[in-house]
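The structure appears below as structure tokens.
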Amino acid sequence: MYPEMEILVLGVFPRRRNLDHPHRKEIIELNSYLPKLLKDIPNVTYMDIGPKFLDDKGFLSEEMMPDTTHPSEKGHQIWADAVVPKLKELMGKK
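In structure tokens form, the structure reads like this:
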């Protein structure tokens, strides 16, 4: 398609506040598999920023995702702060 295009793949963001919820476990499993799946694909970079939405005990912060699915304004800012430097790097604007 576009062999010189850089692609940034983000891990699935955490869902549900409870650490034992099946969705949390499935997302952790998927995110641990994605780097292995993508590692040999040229120009693809994987980044898991999900932990940035968790508090120090691993719970999903209500401040970051009030409905446990959609980032709040603060959550979107954390998302942007995490990916913009990587995007600039990938685009050669270090």
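For the sequence shown, counting from 1, position 40 maps to 41 in our numbering; every step adds exactly one. Backbone N, C-alpha and C fix where the C-beta goes; we use that ideal spot for every residue, glycine too. The model shown is predicted, which means the values in this text are computed figures rather than measured ones.
Through-space distance from residue j to residue i, alpha-carbon basis
i	j	result
G12	G93	23 Å
S62	F54	6 Å
M66	K26	18 Å
I42	M48	14 Å
G59	I79	16 Å
E74	K87	21 Å
P72	Y34	24 Å
N32	E5	25 Å
Beta-carbon proximity of residue i to residue j, cut-off 8 Å
i	j	result
L9	V85	no
With 16 other Cβ atoms within 10 Å as the buried cut-off, status of residue i
i	result
P52	exposed
P23	exposed
Bridge-paired residues (DSSP) for residue i
i	result
M48	L11
L91	Looking at the DSSP assignment, L91 forms no beta bridge with any residue, so it has no partner.
L61	L55
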